[in-house]
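Residue numbers (our numbering): 6 to 111.
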């Protein structure tokens, strides 16, 4: 999604997740303004179940990201690193969807 600007599949699987939709909206606005995003994304290091079948603590190795807010903006680099996220899933219409996503400090 971030490398291509195509947010449709991401928003479909997370339509009830405010943080997810906010991220997709941000990606949409960057690409609409002629900007770019380049990242290798996340590598999942560990997943712990907080509530069986619905809530997880996820240790993520976030890869470095380089982006431009718009076509004429300077390049900005985010270094990446290890972060923890809480991810909640909900079953809707026979499919699992992300219902909540947040980064938290351990």
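Beta carbons are placed, not taken as given, at the ideal position from N, Cα and C, and that holds for glycine. The structure displayed is predicted, hence computed values, not measured ones.
Residue range of the alpha helix (DSSP H) that includes residue i
i          : result
residue 34 : 23–37
residue 41 : No alpha helix (DSSP H) holds residue 41; the beta strand (DSSP E) holding it covers 41–44.
residue 18 : 13–18
Local conformation of residue i per DSSP, three classes
i          : result
residue 83 : strand
residue 98 : coil
residue 76 : coil
Beta bridge counterpart(s) of residue i as assigned by DSSP
i          : result
residue 53 : 62
residue 68 : For residue 68, which the question treats as bridged, DSSP gives no partner whatsoever.
residue 88 : 65
Residue i to residue j span [Cα, whole Å]
i          : j          : result
residue 51 : residue 43 : 24 angstroms
residue 23 : residue 16 : 10 angstroms
Residue i, buried or exposed, once every other Cβ within 10 Å from all chains shown has been counted against 16
i          : result
residue 29 : buried
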